[in-house]
Amino acid sequence: MICVDTRGGPSVALHQAIARGLAPSGGLYVPEHISPLPDGCWQKAQSLAQLAELALAEFFADDLLGPSLNEICQEALNFDAPLRPVPAMAGNGGKNWVLELFHGPTAAFKDYGARFLAACLQRLPQAQNHPITILVATSGDTGAAVAAAFHGRPGVQVVILHPDGRVSARQAHQLGCFGDNIHSFRVAGSFDDCQALVKTALNDAELRQALALSSANSISLGRLLPQLSYYAWAALQHHRGGGTELNLVVPTGNLGNALAAVMARRLGFPLGRIVFATNANPVLADFFEGADYAPRASVATLANAMDVGAPSNFERLRWWYENDVRLRESFQAQAVGDAEIRQVIASAAQSGQAIWCPHTATAVYVLEQLRAQGTTGDWAVVATAHPAKFETIVEPLVGSPVAVPASLAAMLARPSHSEPLAADHETFKAQLLALA
Ligand SMILES: *Cc1c(COP(=O)(O)O)cnc(C)c1O
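In my numbering, the protein residues as written are 31 to 466.
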């Protein structure tokens, strides 16, 4: 399928959009259209990978990557996204669910997108000729997922930037534990600074000459598209259990994960309302309450992977709606402070509901508010990471150690190193040129 540039630059084929990440204009690529799938054709899918292939078929039809779609889905989406009931929460006659997206190698949902992107890039003809350098800014989980997905793959090197001191100790360890073709830098600055460094580098003509640059941030369609498949899978699991529409609360930072839910709904999967839960960074909540869209510097919170002051996918979401009035009618966003995050984690553990990570806790808080206001229907909170990744926050609140998933434990057992880096384009450029 043709992909359109949100800022009016030339349209490109899907595989080109996946290879480039950001459009040369600075805009984002969006699929030309998203049409509903033939009624019920998805009902026979037996696994997440199978459903992904069905749901993504139209985007990949006629593309260079089309013939590999089956293989890519099987290889990248080979761990489950279970939908489980949440006990001990009011439902007003409806049911409460959690969609668990943390069963991949780095225990956060970013694994789905990163693995799919890696599987796509490796199958592009460029990759077989010139090695690709993938730049990724991370507020915590993206970098680790991308590193795990690309580690040891020939023809690719990955450069990860994270804000020094603003990710959890385990996240920082994960970022530096790969070595080989993975280069990890800790930046003296915020996540927004890291993201700006990547954007500037991607648009630097001299760097583009020296290195085949690509990005792996949530601006990449190669990450966004596979993410819609677990929402489709959740809708299917819910439908099989006799449910009708499943409503969602999605923990949101750069809006990639939530946007994938919007795409799944546009494809015709039985999803109802989609509510964005953010941390104390208020840009989205303010916009959906009627203020102008006003990006600003991010503030550090307990849900650090969502410390975003300028949600990069907002431009895509806006592009799909005639105007801001229509957009505001379609969604709701709520900002959740650190005090509420702490309160949710502590009380959910005490009531035997679950142990939530700080990001997931924002969504749980928002759903509890919706229920308290009398909201009916079946709702799922999206669990974006395993609580063991944030043990310094979670363990004191729940009063006991959180068991570490095996793949995470293996990474933590390896040595780890990240180079310091000033938040300055010329310094970063010199480092990149040294990798050419
Ligand atoms: C990245 C991340 C988010 C935010 O996702 P976006 O796609 O940026 O909105 C939420 N929770 C966790 C654990 C994450 O890693």
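Ideal placement from N, C-alpha and C gives every residue a C-beta, glycine not left out.
If you're wondering where the values come from, they're calculated on a predicted model, not measured in any experiment.
Contact check, residue i vs residue j, beta carbons under 7 Å
i           : j           : result
residue 389 : residue 310 : no
residue 36  : residue 345 : yes
residue 217 : residue 464 : no
residue 381 : residue 135 : no
residue 179 : residue 148 : yes
residue 284 : residue 325 : no
residue 244 : residue 190 : no
residue 412 : residue 86  : no
residue 271 : residue 408 : no
residue 39  : residue 54  : yes
residue 401 : residue 120 : yes
residue 291 : residue 280 : yes
residue 145 : residue 118 : no
residue 293 : residue 251 : no
residue 276 : residue 410 : yes
residue 237 : residue 231 : yes
residue 265 : residue 224 : no
residue 462 : residue 215 : no
residue 222 : residue 339 : yes
residue 468 : residue 296 : Examination of residue 468 is not possible in this model, given that the chain is present from 31 through 466 alone.
residue 378 : residue 384 : yes
residue 289 : residue 343 : yes
residue 315 : residue 369 : no
residue 79  : residue 103 : yes
residue 448 : residue 195 : no
residue 358 : residue 427 : no
residue 33  : residue 49  : no
residue 113 : residue 362 : no
residue 100 : residue 83  : yes
residue 95  : residue 45  : yes
residue 188 : residue 170 : no
residue 142 : residue 256 : yes
residue 181 : residue 139 : no
residue 386 : residue 394 : yes
8 Å contact criterion, which residue i and residue j should meet: CB distance rounded
i           : j           : result
residue 307 : residue 331 : Not a contact, Cβ separation roughly 12 Å.
residue 422 : residue 199 : 6 Å
residue 51  : residue 249 : 6 Å
residue 241 : residue 466 : 5 Å
residue 414 : residue 287 : 7 Å
residue 193 : residue 220 : 5 Å
residue 111 : residue 323 : Actually they do not touch by this definition, with Cβ atoms about 31 Å apart.
residue 435 : residue 424 : Actually they are not in contact, since the Cβ atoms of residue 435 and residue 424 sit about 14 Å apart, beyond 8 Å.
residue 204 : residue 174 : 4 Å
residue 123 : residue 406 : 6 Å
Three-way DSSP call (helix, strand, coil) for residue i in this model
i           : result
residue 171 : helix
residue 449 : strand
residue 303 : strand
residue 256 : helix
residue 163 : strand
residue 280 : strand
residue 52  : strand
residue 97  : helix
residue 43  : strand
residue 32  : strand
residue 75  : coil
residue 106 : helix
residue 246 : coil
residue 410 : strand
residue 400 : helix
residue 58  : strand
residue 275 : coil
residue 37  : coil
residue 111 : coil
residue 405 : coil
residue 81  : helix
residue 286 : helix
residue 63  : coil
residue 466 : coil
residue 297 : coil
residue 87  : helix
Closer than 6 Å: residue i CB and nearest ligand 2 heavy atom
i           : result
residue 335 : This structure lacks ligand 2; the ligands present are ligand 1.
Just list the beta strand (DSSP E) runs in the segment 176 to 244, keeping only unbroken ones of 3 residues or longer that don't cross its boundaries, in chain order.
-> 186 to 193 and 212 to 218
Query raised in the report: Unbroken alpha helix (DSSP H) runs of length 4 or more, entirely within the segment 114 to 158: which are they?
Result: The DSSP assignment places 140 to 152 as complete runs of the alpha helix (DSSP H) inside the segment 114 to 158, in order along the chain (cut-off: 4 residues).
*asked:* Please give the ranges of any beta strand (DSSP E) in the segment 308 to 388, keeping only runs that are unbroken, at least 3 residues long and fully inside the region.
replied: 362 to 365
Next item on the list: For the segment 413 to 444, list the alpha helix (DSSP H) runs that are entirely contained and at least 4 residues long, ordered along the chain.
Entry: 421 to 428 and 436 to 442
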